[in-house]
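*Asks:* The following block contains the structure, expressed as C-alpha cells.
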Amino acid sequence: MPDPAAPAISGGHGARPHGEHLATASLIPARDRDQVRVLVVDPEEGMREGIRRILERRGCMVQSAPDGEAALRALSECPADVALVPLSSHGTDGSALTEQILRRSGGRTVVVITSARASVESAVEVTRQGAYDFLVKPFSPEALVYAVEHAAQEGRLIREREKYLSEVAGERTLSRELINSMHEGVVVFNIRREPVLMNPRAELFLGTHFREGMSLADAFSDLDVSAAVEAVLESSQESPECRLVPLVIGERRLQCSISPLLRDGEAGGAIVILRDVTDTWKAEQDKNRFVSMVAHELKSPLSAIINYLNVILTGMFDDNPAKVREMLERCKVRGEALLELVRDLLYINSREVGKVDRTIETLDLAAVLASQLEFFKVQADKRRIALALEAPPGPCLVKADRGDLDRIFMNLINNGIKYNRDRGSLRLVITENGADWHVAVTDTGIGMSEAEQASLFQEFYRVKSTKTSGISGTGLGLATVRRVLSGYNGRVTVQSRPDAGSTFTVVFPREAG
Amino acid sequence: MARILIVDDDLDLLEGQKMFLEKKGYAVQTALTIEDGLARARESAPDMVIADLMMAHYDSGFVFCKKVREIPGLEKVPILMQTAAPRKMGFTFDAGSTPGREWMKVDEVLTKPVPLEHLLGKIEQYLSAKARDA
C-alpha cells in the first residue's frame with residue numbers, strides 16, 4: 083500500500099506510463115529477499131533526504147551523494163543495486179556519471195535518471211548511455227518506489243543471467259574436461275561427416291591432431307570404420323544404429339563403438355568411442371594358442387593309440403599274440419598318460435578360476451619331502467635309483483597348502499626318476515638361505531642343453547630327443563611347478579649338463595619357527 | 008622293395024606305422040628327430056618320406072621337408088606330412104591350404120590319426136606316379 087505518511091516529492095508522475103500504476107504495496111516486501119541498495123545523487127539535500135525516507139520505509143538501504151565525485155566514492159565503499167542520477171546539475175554531467183557507474187559496477191548497478199525536463203531527446207540520450215529508466219521531477223512517492231523496484235528487478239535479472247551464463251560456461255568446461263580426461267578416445271562427427279571434436283586419447287590412438295575442416299578419411303583411413311560412421315549417420319531414432327568395429331593401428335587393437343548423436347529424431351552426428359583392447363586381445367590370443375596346443379597334445383596320444391588298434395584290427399598280427407600284447411600295453415601307457423594330461427589341465431583350470439580349496443598351514447618341509455620320497459620308493463627301486471634327503475637339524479618350517487607342496491615337489495621327484503639313468507641317484511638337499519629355504523633336487527640323468535633349458539618351464543614344452551622318446555609326460559609339470567610357486571613368492575631354477583644330470587632348485591620363503 | 012622313411016617324435020606312432028607298412032611289403036626306416044631323419048635320408052635315399060609337422064618346434068616338419076629337398080637325388084621325392092595340429096593353429100601358416108603346402112614343399116598334408124588303408128592308398132598313389140614319371 084502507498085505510504086500515507088510519505089511526503090509528496092513535488093507531486094506528478096514519472097515519464098513512463100508505468101508510473102501511473104500505484105500498486106506499489108507488494109513491490110518491495112521488506113526483508114524477504116535481498117535488501118535493495120540505492121544510491122541517491124542529487125545536489126539538493128532536501129530532495130536527497132525526501133527520497134531516502136520514502137525508500138527506507140520500503141526497506142531499501144539508501145546512501146546519498148550531492149555530486150558525481152561523492153557518488154563514485156560512495157559506490158567504491160558500498161556497491162548499489164540502483165543509482166538515481168540527475169540528468170544534469172551543478173558540476174555533474176548525468177550521462178558521464180551514468181557511464182562511469184555502469185563501467186565501475188560492471189553493469190550491475192542499474193541507473194535511473196532523474197530530470198526536471200521531460201523530453202524525448204533526453205530520454206533517448208540517457209537510454210543510449212545505458213540508463214534503465216527515467217523519472218521526471220516532480221514525481222510522486224509511488225512513482226519513485228515503482229521505478230526503483232523495477233530497476234532493482236532488472237538488476238536481479240542481470241545477475242541471474244550472469245549466473246546462468248557462468249554456469250553454462252562452467253558446464254561446458256566440465257564436459258570438455260570430462261571428455262578430455264577419458265581413458266577412451268572420443269571423436270564426434272557432424273552430419274557433414276566432419277570431425278568436430280577429438281579428445282587427446284583419440285588423437286594418440288589415431289596418430290593425428292584435430293584441426294578444423296578435417297574429413298572423415300583424415301580421422302579414420304579404415305574403410306570399415308568410415309562405412310560404420312556413414313551407416314550410423316543415416317539411421318533414425320526409430321531404429322538407431324550402433325556399430326562395433328575392430329580397428330588395428332600399429333601394435334594397438336582398438337574397439338570402435340559408433341553411435342548416433344540424435345537431434346529431433348534424426349542423426350545429427352555420430353560419436354565414435356575408441357577403446358584400447360590390446361591387452362584383452364593378447365590374452366585371447368594366448369588362450370587360443372593354449373587351446374590349440376591342448377588339442378594337439380590330446381590328439382597325439384590318441385593318434386598313437388588308434389594307430390596301434392588299427393594295426394591290430396587288420397588281423398595281420400593275429401599269428402603273433404606277443405606282438406599284439408606289446409601294442410596293447412603301449413595303448414594302455416598312452417591312455418594313462420592322456421588321463422594324466424586331462425587331470426593336469428583340469429588342475430590348471432581350477433587354479434585359474436580360483437576353485438582350488440587351499441588350506442594354508444605351517445608345515446615342516448623336510449617331513450613333507452620325506453613322505454613324498456617314500457611314495458616314489460617302489461618306482462625308484464625298480465630302476466635301482468637311490469633316493470636321499472639331506473636337511474638341516476630341526477624342522478624346516480613353511481606356510482603353505484600341502485596339496486601345493488605335493489604339486490611342486492612330486493613333479494620334480496617324478497622327473498628326477500623318469501629322466502634318470504638306471505642305478506643312478508636322486509638327492510634332495512634343503513639349505514637355509516636368508517629368508518628362504520633352497521631345495522636342490524639333483525638327478526644323475528640325461529641332462530639338457532642350454533637351448534632346451536630355455537623353454538623348459540613353458541606349457542607343453544618337452545625335451546624331445548631319442549633319449550626322451552620312450553618317456554611319457556604331459557609337458558605341463560614344470561609349468562605347473564612354476565605357476566604354483568609364483569603364488570608363494572617362490573621360484574624354481576635349473577642347472578644342467580647333457581648326460582651329467584640336472585639340478586632343479588626351489589626357492590621357498592621360510593616361516594619363522 | 009620300395010623304401011619309406013617316417014619321421015615322427017611319437018615312438019608309438021612310428022612303431023605302429025612301421026609294423027603295418029612292413030607287413031605290406033615296404034622297407035621302412037624311422038627317425039624320432041629331424042637330425043636323425045636327415046641323416047637317414049642322405050644314407051638311404053628313400054622312395055618316399057612321411058613326416059610329422061610339430062616335433063621339437065611347431066614347424067620342425069617344415070624345416071625338415073625343405074632340407075630333404077636340398078639333398079641331391081631327393082629334389083622330387085614324394086613327401087606326405089601328417090599332423091595332429093588343428094587345421095588352423097593360429098601360427099604362421101595354414102597346413103591345410105594349397106599355398107601353405109606349396110610353401111612347405113610337401114605333396115599332401117594328412118590329419119592324424121591317418122587310417123592305415125588311407126595311408127597305404129596315398130603311398131601307392133605317389134609311388135606309382137613316381138614310377139610312371141621315371
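Quick mapping for you: the protein sequence lines, in order, are chains A and B.
Under our numbering, the first residue of the first sequence is numbered 83, with each subsequent residue one higher.
Under our numbering, the first residue of the second sequence is numbered 8, with each subsequent residue one higher.
Using N, Cα and C, we set each Cβ at its ideal position, and we do this for glycine too.
1. Which chain B residues sit within Cβ distance under 8 Å of residue 524 (chain A)?
2. Apply the 10 Å Cβ neighbour rule to residue 140 (chain A) and answer buried if 16 or more other Cβ atoms are within range, or exposed otherwise.
3. Tell me the DSSP bridge mates of residue 472 (chain A)?
4. Can you say whether residue 248 (chain A) is buried or exposed, counting buried as having 16 or more other CB atoms within 10 angstroms of its CB?
5. What does the alpha-carbon distance come out to for the pair residue 464 (chain A) and residue 407 (chain A)?
6. Could you name each continuous alpha helix (DSSP H) segment of 4 residues or more that falls completely within the region 109 to 196 of chain A, going from the start of the chain to the end?
7. Looking at the unbroken beta strand (DSSP E) that takes in residue 122 (chain B), where does it start and where does it end?
8. Under 8 Å between C-beta atoms, does residue 143 (chain B) make it to chain A?
9. Does the structure place the region 295 to 305 of chain A close enough to the region 250 to 265 of chain A that three or more beta carbon pairs sit under 8 Å?
10. Could you check if residue 295 (chain A) is buried or exposed, using at least 16 other CB atoms within 10 Å of its CB as the buried criterion?
11. Is it buried or exposed, residue 69 (chain B), if we count other Cβ atoms within 10 angstroms and call 16 or more buried?
12. On the DSSP letters alone, give me the boundaries of the beta strand (DSSP E) that residue 376 (chain A) sits inside.
13. Out of B:134, B:60 and B:49, which one is the CA nearest neighbour of residue 79 (chain B)?
14. Kindly list the residues whose CB is nearer than 7 Å to the CB of residue 526 (chain A), restricted to its own chain and excluding five residues on each side of it in sequence; keep chain order.
15. Ignoring anything shorter than 4 residues or poking outside the region 201 to 249 of chain A, list the alpha helix (DSSP H) runs there in chain order.
16. Between the alpha carbons of residue 577 (chain A) and residue 61 (chain B), how many angstroms are there, rounded?
17. Which bits of chain A does residue 61 (chain B) rub up against, with CB to CB less than 7 Å?
18. Can you pull the chain B residues whose beta carbon is under 9 Å from the beta carbon of residue 398 (chain A), in chain order?
19. What runs of the beta strand (DSSP E), each 3 residues or longer, lie entirely inside the region 405 to 490 of chain A?
20. Examine chain A for any beta-carbon lying closer than 8 Å to the beta-carbon of residue 83 (chain B), and answer yes or no.
21. Nearest to residue 147 (chain A) by CA position, among A:169, A:121, A:518 and A:132, is which residue?
22. Tell me whether residue 16 (chain B) sits in a helix, a strand or coil according to DSSP, three-state version.
23. Name the two residues that bound the continuous beta strand (DSSP E) containing residue 41 (chain B).
24. Relative to the ligand HEM, is the shortest distance from any of its heavy atoms to the C-beta of residue 281 (chain A) smaller than 7 Å?
25. Between which two residues does the alpha helix (DSSP H) containing residue 305 (chain A) stretch?
26. With a Cβ-Cβ cutoff of 8 Å, do residue 519 (chain A) and residue 447 (chain A) count as a contact?
27. Considering residue 282 (chain A), what are the terminal residues of the alpha helix (DSSP H) in which it resides?
*Replies:* With the given structure in hand:
1. Listed along the chain, the chain B residues whose CB falls inside 8 Å of the CB of residue 524 (chain A) amount to none; the nearest CB is some 26 Å away.
2. Burial is judged here by how many other beta carbons sit within 10 angstroms of a residue's own beta carbon; residue 140 (chain A) has at least 16 and is buried.
3. A:511, per the DSSP bridge assignment.
4. Counting Cβ neighbours within 10 Å, residue 248 (chain A) comes out exposed, since fewer than 16 surround it.
5. Rounded to the nearest whole angstrom, the CA to CA distance from residue 464 (chain A) to residue 407 (chain A) is 22 Å.
6. The region 109 to 196 of chain A contains, as complete alpha helix (DSSP H) runs of 4+ residues, the segments 127 to 139, 150 to 159 and 176 to 187 (chain order).
7. No beta strand (DSSP E) holds residue 122 (chain B); DSSP gives it neither H nor E.
8. Absent from the structure is residue 143 (chain B), since the part of chain B shown begins at 8 and ends at 141.
9. Segments in contact, no.
10. Under this definition residue 295 (chain A) is an exposed residue.
11. So residue 69 (chain B) counts as buried.
12. First-last for residue 376 (chain A): 360 to 395, but that is the alpha helix (DSSP H), not the beta strand (DSSP E).
13. A check of alpha carbon separations from residue 79 (chain B) across B:134, B:60 and B:49 identifies B:49 as the nearest.
14. Here the set comprises 502, 503, 506, 507 and 583.
15. Residue ranges of uninterrupted alpha helix (DSSP H) with 4 or more members, entirely inside the region 201 to 249 of chain A and ordered along the chain, are 202 to 211.
16. Residue 577 (chain A) and residue 61 (chain B): Cα-Cα distance of roughly 27 Å.
17. The answer, in chain order, is 378.
18. The answer, in chain order, is 26, 27, 30 and 31.
19. Counting only runs of 3 or more, we get 442 to 446, 468 to 472 and 479 to 483.
20. No, because no Cβ of chain A sits closer than 8 Å to the Cβ of residue 83 (chain B).
21. When C-alpha distances from residue 147 (chain A) are compared across A:169, A:121, A:518 and A:132, the shortest belongs to A:121.
22. The answer is coil: DSSP assigns residue 16 (chain B) none of H, G, I, E or B.
23. Annotation for residue 41 (chain B): no beta strand (DSSP E) segment contains it, though the alpha helix (DSSP H) segment containing it runs 41 to 51.
24. With respect to small molecules bound, the structure shown includes none, and the ligand HEM cannot be examined in it.
25. Where residue 305 (chain A) is concerned, the enclosing alpha helix (DSSP H) stretches over 305 to 316.
26. One thing to note: residue 519 (chain A) has its Cβ within 8 Å of the Cβ of residue 447 (chain A).
27. For residue 282 (chain A), the uninterrupted alpha helix (DSSP H) segment begins and ends at 282 to 288.
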